[in-house]
Each structure stands twice: as C-alpha cells, then as structure tokens.
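S.K.:
This is the structure in structure tokens:
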C-alpha cells in the first residue's frame, strides 16, 4: 500500500529522515518508534504531504504521491493526532462529517456514516451525536478524532501518538479499540509512538528509527527475540526483555490441547503475561484455555512458559 524509496528530509543542516526505504503492506498496522528527534513523525507526515521529502519517492497503491494534488491526496488518508484538533464550535456529528462533506456526499449518506462510526467507536449516539467537544472527556474526544479520520473511508490511516496525552487506563482501552477496529475494517495504518509497550501491543511490524535512519524492522516477536541494535535493546528495557517476551507470545503458543484445568478460562489469543498475572492472582500454575467462541480447548501450564536459554541452545 505504501512504499518509501530512499526518502530523505533535511531542514537546513539537520537531516530529520535519512535515506529510508520501507514497505507498508495493505491492511497492515505498522508502528514507527524511536526517541524524540528520531524522524518518526516527519516520516509519517510525508505520507500526506504535510512535509515534502528533500529526496526520494513515496508511493501509495503504486502511485507517486508527488504527482497528486495535496488536498486530493489527503481526502484519501485519515489522520489522527494527539491533540485531536476537533472544531470547538461544531458538534460531534459535524466534526465527523468534515471529509464526507468535502467529498460531496449526500446528507443521508453522511448521517448514516456518522451513526456507523459512533457505533464502531462505542459512543452512544443519543448522548454524543449532538454534543460539543468541551462536553467530552479526553478519551471520548480521541474516539471522535479517530471517527473523523475514518469518516471518508480512507485507504490509509495515519496516527501520530494519538493516545500520548491520555491516562493509562483510557490509553489501554483505546489501544484495544484500535486493535478491534483494525481487525474489523482491515485498514492500512501507520502508527507513531515512543512507547514500546504500545508498539508491541499494536504493531504487526515495528520500524525503529534512530537519528533519522531505519535501524530495525520486524514483528514484535522478532524484535524482542533479536533486538539487533543498542537502541532497540534500550527501548525494550535491557534486563526487562524477558518480560517483553511474555507480552508478545500468546497462550496459544503454549497450549496443551484437550488437557483439563479448573476455573474460568483464558482466551488462547491472550498474551502469556496475562496468563502469568492470572496464575499469580489465583495461586495456581495451570489455567483453562478457550477459543474465540468461549469453548474450552485445553490448558496452559506455568512449566511450559519460556525459560532462559543455555549457552548455545535454543530457548
């Protein structure tokens, strides 16, 4: 869906993005992560031409974006940011309808789309449709911001640290919502964060930037197993990498199919870190496991959790 070919962006003598080549597959959620000044937001903003590259080429769907008028390109791309940017004197409905209105949709189609997105983002239509931004909590406003970004049914959704200003509970809830929306809609999403926990939770792949250069890219499991760069190891928390592994491996990877266990089951898709937390809370070393339909399919045992590898051996 998106390709970067030798993309560079300079601001005077400072190189913000340095010769980055990268592919984002259709329907993929790619996370860009790195410290402040690493170039992640600059790279993101070049996708919708809020910033133009100094050198290199960016394509969407095989088409060079430099050949497109910026306003036409941006109507194909949803954009959600940390500050939300809702128009304060417009209702939630009118804010969400911004791009569909620019696209010339009929009033009936826009009304239906607003209803659809309020349901998707789990916002009660009777309560929020005619509310104003000042009447919303931070989490509710961020949900409206995401709804507005999705309103025109864009090919690509860009999210620039959208949950960075929220409290941990609201942030975790919106991360889960993002996962659900991604599964339901299959949108191509590029997501910027400086939080490795968020990156590991959300990303199908993670691209790590350092001083404008792409230094590592891989799935969460690949990144945790083989950091491959000092910055990546630092972002993973050094000695805490072992705990990160529990966060990226699922219960299904250690499932004992058909074996019995007492108590409420844990989903096979849950991370091993959640299984460990439940075991500690219940004082047990085995949990029942269920599938997507809630049917028991086996058990997970503490003895099967990852253990440190002996020198020269596999974990």
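Numbering (our numbering), first residue to last: 82 to 396. Beta carbons: idealized from backbone N, C-alpha and C, even for Gly. Just so you know, these numbers come straight off a predicted model, no measurement behind them.
(1) Just reading off the beta strand (DSSP E) that residue 91 is part of, what are its end residues?
(2) What is the DSSP secondary structure of residue 126, reduced to helix, strand or coil?
(3) Does the region 257-274 touch the region 174-192, meaning 3 or more C-beta pairs lie closer than 8 Å?
(4) Across the region 272-286 and the region 104-112, are there enough close Cβ pairs to call them in contact, namely three or more that are closer than 8 Å?
(5) Is residue 388 helix, strand or coil when you go by DSSP?
(6) According to DSSP, is residue 159 part of a helix, a strand, or is it coil?
(7) Only counting the same chain, and skipping five residues up and downstream in sequence, which positions put a Cβ closer than 7 Å to that of residue 392?
(8) For residue 97, count neighbouring C-beta atoms within 10 Å of its own C-beta (all shown protein chains included) and say buried if the count is 16 or more, exposed if not.
(9) In chain order, which continuous runs of the alpha helix (DSSP H) of length 4 or greater are located wholly inside the region 346-380?
(10) Where does residue 257 fall in DSSP's three states?
(11) Which same chain residues end up closer than 7 Å to residue 106 when comparing Cβ atoms and leaving out the 5 residues on each side of it in sequence?
(12) Check for me: the alpha helix (DSSP H) holding residue 193 runs from which residue to which?
(13) Kindly indicate the opening and closing residues of the beta strand (DSSP E) around residue 298.
(14) Check whether the region 305-313 and the region 122-142 touch, using three or more Cβ-Cβ pairs below 8 Å as the test.
(15) With DSSP as the reference, label residue 146 as helix, strand or coil.
(16) Once you ignore the five residues that flank residue 240 on each side, which residues in its own chain have a CB closer than 6 Å to its CB?
(17) I'd like the list of long-range same chain contacts for residue 157, defined as Cβ closer than 6 Å, with 5 residues on each side in sequence excluded.
(18) Grouping DSSP H, G and I as helix and E and B as strand, with all else coil, what is residue 210?
(19) When the Cα atoms are used, what is the spatial distance from residue 166 to residue 280?
(20) Put residue 333 into one of helix, strand or coil per three-state DSSP.
(21) In three-state DSSP terms, what is residue 131?
(22) Taking C-beta to C-beta, are residue 87 and residue 102 nearer than 9 Å?
(23) Compute the Euclidean distance between the alpha carbons of residue 99 and residue 297, then round it to the nearest angstrom.
M.R.: In brief:
(1) Stepping through the chain shown from its first residue, residue 91 is reached at position 10. Segment 83-92, the beta strand (DSSP E) holding residue 91.
(2) What you label residue 126 is simply residue 45 of the chain shown in a count that begins at 1. Helix.
(3) no
(4) yes
(5) Taking the chain shown and counting its residues from 1, one reaches residue 388 at position 307. Reduced to three states, the DSSP call for residue 388 is coil.
(6) Stepping through the chain shown from its first residue, residue 159 is reached at position 78. Note: residue 159 maps to strand in three-state DSSP.
(7) Indexing the chain shown from 1 puts residue 392 at position 311. Here the model assigns residue 392 a pLDDT of 36, short of 50, so the residue's position is not dependable, and the following value carries that caveat. So the list is empty, once near-sequence residues are dropped.
(8) Against the chain shown, residue 97 aligns to sequence position 16. So residue 97 ends up on the buried side.
(9) 353-363
(10) The residue you call residue 257 lines up with position 176 of the chain shown. Reduced to three states, the DSSP call for residue 257 is helix.
(11) Taking the first residue of the chain shown as position 1, residue 106 is located at position 25. Correct list, in chain order: 82.
(12) As a first step, residue 193 is located in the chain shown; it is residue number 112 there, counting from the start. Unbroken alpha helix (DSSP H) run through residue 193: 188-201.
(13) As a working note, residue 298 is residue 217 in the chain shown. Here the beta strand (DSSP E) through residue 298 covers 294-299.
(14) no
(15) If you number the chain shown from 1, residue 146 lands on position 65. Note: residue 146 maps to helix in three-state DSSP.
(16) Counting from one through the chain shown, the residue named residue 240 turns up at place 159. Within the same chain, residue 240 has close Cβ partners 161 and 272.
(17) Locating residue 157 in the chain shown gives position 76, counting from the first residue. Once the five neighbours on either side are set aside, the close Cβ partners of residue 157 are 235 and 236.
(18) As a first step, residue 210 is located in the chain shown; it is residue number 129 there, counting from the start. Coil at residue 210, not helix or strand.
(19) By 1-based counting over the chain shown, the position of residue 166 is 85. By 1-based counting over the chain shown, the position of residue 280 is 199. Rounded to whole angstroms, residue 166 to residue 280 spans 23 Å at the Cα level.
(20) As a first step, residue 333 is located in the chain shown; it is residue number 252 there, counting from the start. Helix, per DSSP.
(21) In the chain shown, residue 131 corresponds to position 50, counting from 1. Coil.
(22) Sequence index remark: in the chain shown, residue 87 carries index 6 (1-based). Sequence index remark: in the chain shown, residue 102 carries index 21 (1-based). Their beta carbons are under 9 Å apart, which means residue 87 touches residue 102 by this criterion.
(23) Your numbering for residue 99 matches position 18 in the chain shown. Your numbering for residue 297 matches position 216 in the chain shown. Each residue's alpha carbon lies about 14 Å from the other.
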